[in-house]
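First comes the structure, then the notes that go with it.
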Amino acid sequence: MKYTVELALKNKEESYALNQVAAQANGAVWLKSGNTVILATVVIDETHFVDEDFLPLTVQYLEKSYAAGKFPGGFIKRETKPSDFEALTSRIIDRSLRPLFPKGFANPIQISVLVLSADEDADLQVLGLNAASAALYISDIDIFNSVTGVRVAKIDGEIVFNPKHSDLQRSTFDLYLAGSKDDMLMIEMQALGSDEAQIIELGLADPFVDPVMASQSISMRQSNAMSEDELIDVLAQAQAVLLDANTKYENAFKAYAKAPFELQCVIKDIDEEMCDYVREVHTDDLKRGISQMAKTERSTALRTIRKAVMTEKTQWDEHELKKAIESVKRSMVRAQILDDKVRSDGRGFKDVRPISIETNVLPSAHASALFTRGQTQALVVLTLGGPKDAQMYEGLTDHGTQNEGFMVHYNFPGFSVGEASPIGAPRRRELGHGNLAKRALEGATVRNGQTIRLVSEILESNGSSSMATICGGYMALRAGDIEVCDPIAGVAMGMVQEGNRHAILTDIMGLEDHDGDLDFKVAGSKEGITAMQMDIKLGGIHLDILKEALYQAKEARAHIIDIMMASEENIELNEGTLPSTDLFHVDPSFIGDIIGQAGKTIREIIERFDVAIDIDKKKGSVKLTGKNREGIKGARDHIEGITSGLTPVEKVDYKVGDIVQGKVKKIVDFGAFIELPGGIDGLIHISKLSDGHVGRVSDVIKEGDELMVEIVEFKGNKIGLGRAK
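Residues in the sequence shown are numbered consecutively from 25, following the working numbering.
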C-alpha cells in the first residue's frame, strides 16, 4: 500500500492511502497508525432527499474479528449485531461530524468506518473519527472543515494527550474531545475512580500486600472528581492540540479534495408569508401552546393551530405550513429567553424544576428509587450479585474475556412521551444514555467485589432523562446499602445564542433542548465533575461560555444533592430481599485449607450457609455473598474457625515432641484451638484429649483453661497437639 499523506501528531503518527481502495465511494481513506488499519468511506445519495427537519446522516463503526486474529464469539462465526462499544463509537463519530453540515442539507449520507487491523494500544475511537473526517474532507461533498479527535488523560499528575490504551488505566480521568481548528464540537468526559490504601498506624503495610496487617489499614475509594477550573484548563490545552492537528490535516488533504458537486435537492426555505400570517393571527395561541409542558399537549396545540389556519387559507400546502408554524414557535421560544428573560414554564435561567424522591417502592427488588423532576420521571432499580453475575465480553484488542461488574441499563419506552410505539431492543441513544450514567456513578461507587446492575425505566420524559437516571441511580445505590464515596447528581444545561447575546439554561426541558443551541450534560458531586457530555448545534462553543455553563451546573448539582441527602435520611432497606456481602482477608498460605482436598471444604461451606465464595489466592481476600446476613456471618465464623488454628510453618519455633503450657482459646465440635506461648495456635483433636472416650469437648476442658500439651505433628499449616502425659 502506498501512503500519500503522513502526519506526525501529538504522541502518534498517521499514514493515509488515498484513491487506492473503495474508489466508487464519494470519499475513501485507508488509515494506518502503528499496526492499526482503518478504512473509512463516505457515500451520498445524490438523487434523493429527506424533507424533514434533521440531517439524514448514518454512521457505522464496525470492528472485524480478523483484525486481531480472532473468530467472532458465540455459536455463529460471523460478525452480526454490533457490540455496545461499536454502537457508542458510531454515536461519537456521528455527533462530532454532524455540526459540519449546513442547515437544509437533505441528501442521505452513509459513513462507514471499518477496523481491518487492530493494535492493542491503539485508540480506535480517535482513529475512527480521524479517518471518517478525512474521508469526508476529500470527498466531493461540500464540506471544507476537518474535525479531529484527541483523548486526554492525567497520569501520575501529568496531562497526557493521546495516551496508549494501557496507560489510560492509570489515569484519574478520561476526556475525549472532538473539534475543528476553531471550535469544540463534542466532549465526553469521565472521572476514573481509584482505591487508595490509607495507613492508620505507622510502619504498616498495604493490606493487599500483607493481609496480616489488614486490620491496621483501610482502602479508601476516591471518585477523582474533576474541578471546573482544571477541566477548563485541560480543554484549553486540548483545543491547541486540535488546532495543530486540523491545520496539518487541511494542509495535507487540501490538494486531494475532489471538486464539490452542486446539490440538486435541498430543503426549501420557510414560507415567510405563512410565518407572518401565523404571527399576526395566532401569536396568543402559540404562546399558550408553548406553555404546555408535555410534548403531546404541545403537539396537540400546534396541530390545532395548523387546522385553524388551513380553514382560513385553504390554498396553502399543509406540510409547508407545519414547517412555518414550527419556525415561528422556535423564534418565540428563543425571543422569550433572550428578550423577556423568561422561560416557557416561567422559571428563571438557573432554576431547577421541582424534585420528588421515593425509595424502595418495589418490595421484591433489592433496591429501587423513583426520581421525579418536573415532568421527567425515572424508576431506577438495583440488583446485586457476585462476580459470577458480571457481564462477560471480549473487546477486539482484549486478551481473553473481561468482566463488567458495574452496569447501567437505560430504557426509554414510547409511553414516556405519549407515543404509541412498541418496546424493542435498545437503540444507540439508550445505550449512550446508560453509558453516560454509568460513567457518572461508577468511579464513586464502592463495589467490594460485588456485581451491580442498575436499570433505569423512564416513565415520563420532558428533557434530562439521562440526568434523572444518574440521580435515581445514586438513590437506588444508597437504598441498597451500597457505599458511594460522594453524592452524585446530574443536570442538563442548555443555551440560546443570537449574535453576541446568549443565555445559559439550567435543567432544560425537551422544548429548550429542541429549540436551543446546546445540549450539555454534567454529573458529579458538590466538589467536582465525574462525567460530562456535550453536543453543539451551532458549530462550536467558546471556552468562556463553557466555563459559565460549568459553574451554573455546579450550583444546580449542589441544590439537587441537598434534596437527595434529605431523602436519603428516610431510606428503609428491603431487609427481606437485600443480599448480604462480606469481604475480609486471611493469610494466603491458609487458602488451601479453606478450599480443602479437591474443594471439599469450600463446597461444604457453600452448601451449609447458602453463600457464594470468591477467593483471591494471591491477596488472601475472601468475598462472601449470600441471601441473608445470618448465612454470611456463619460462613465467616466457620472460615475464621478453620484459619484461627493455622500458623505459617516458617513462623513456628517448636519441634515435634516439645511439651508446652497452652491456653484453651476456642472450642469446636472436633476439638479445641490452643494458644501456645508466643501467640501461636495449635489444634488438639477430641480424640487426643483423653485416653478414654470423650463425648463432648466441653466435658473435658473449657475456654480459658490452661493445660500442658505436646507438639505431635506439623501438617501443612496445622500444628497438631496432644495431651501431655
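Just so it is clear, CB atoms sit at the ideal spot from N, CA and C, and this is done for glycine as well.
In this chain, the alpha helix (DSSP H) harbouring D118 covers D108 to L121. The Cβ neighbour count for R367, taken over all protein chains shown within 10 Å, is at least 16; the residue is labelled buried. A residue is called buried when at least 16 other Cβ atoms come within 10 angstroms of its Cβ; F633 meets this threshold and is buried. A residue is called buried when at least 16 other Cβ atoms come within 10 angstroms of its Cβ; K278 does not meet this threshold and is exposed. Boundaries of the beta strand (DSSP E) around A547: L542 to G548. The C-beta distance from V61 to G51 rounds to 17 Å, too long to fall under 8 Å, and the pair is not in contact. DSSP places D634 in no beta strand (DSSP E); its state is neither H nor E.
In the three-state DSSP reduction, L460 falls in the helix class (H, G or I). When secondary structure is reduced to three states using DSSP, E336 falls in the helix class. In this structure, Y200 lies away from Q263, with their beta-carbon atoms at least 8 Å apart. Distances from the alpha-carbon of Q576 to those of L406, K374 and D541 put K374 closest. In this structure, DSSP gives K712 a helical state, which the three-state scheme calls helix. Counting C-beta atoms within 10 angstroms of its own C-beta, Q685 has fewer than 16 neighbours from the protein chains shown and is therefore classed as exposed. Pairing E252 with L79, the inter-Cα distance amounts to about 33 Å. The Cβ atoms of D198 and L216 sit closer than 8 Å to each other. Straight across, the Cα-Cα distance linking E342 with D295 is about 12 Å.
Taking every protein chain shown into account, the CB of Q557 has 16 or more other CB atoms within 10 angstroms, so this residue is buried.
In the three-state reduction of the DSSP assignment, Y434 falls in the strand class. Secondary structure of L567 (DSSP, three-state): helix. Taking a cut-off of 8 Å on C-beta distances, the segment 403 to 411 touches the segment 468 to 487, as three or more cross pairs fall below it. Between R303 and the set T320, S323, M334 and I349, the nearest pair of CA atoms involves I349. In the three-state DSSP reduction, S368 falls in the coil class, being neither helix nor strand.
Here the alpha carbon of T667 sits roughly 8 Å from the alpha carbon of V610.
Within 10 angstroms of the beta-carbon of D69 lie fewer than 16 other beta-carbons, which makes it exposed. In terms of Cα proximity to D363, the closest of Q521, Q316 and A64 is Q521. One Cα belongs to V508, the other to A500, and the distance between them is close to 11 Å.
The segment 584 to 634 contains, as complete beta strand (DSSP E) runs of 3+ residues, the segments 604 to 609 (chain order). The Cβ atoms of R453 and A555 lie no closer than 8 Å to each other. In terms of CA proximity to G473, N427 leads the group Y27, G523, A580 and N427.
Along the length of the segment 161 to 219, whole alpha helix (DSSP H) runs at least 4 residues long occupy 189 to 192, reported in chain order. Here F99 is exposed, its C-beta having fewer than 16 other C-beta atoms within 10 Å. The way I'd put it, the segment 414 to 427 doesn't touch the segment 438 to 458; fewer than three beta-carbon pairs between them come closer than 8 Å.
Between the alpha carbons of Y434 and P411 lies a distance of about 22 Å. In the displayed model, A159 falls within a helix according to three-state DSSP.
Cα atoms of S170 and N59: separation of roughly 24 Å, rounded to the nearest angstrom. By the neighbour-count criterion, in which 16 or more other beta carbons inside 10 Å mark a residue as buried, M589 falls on the exposed side.
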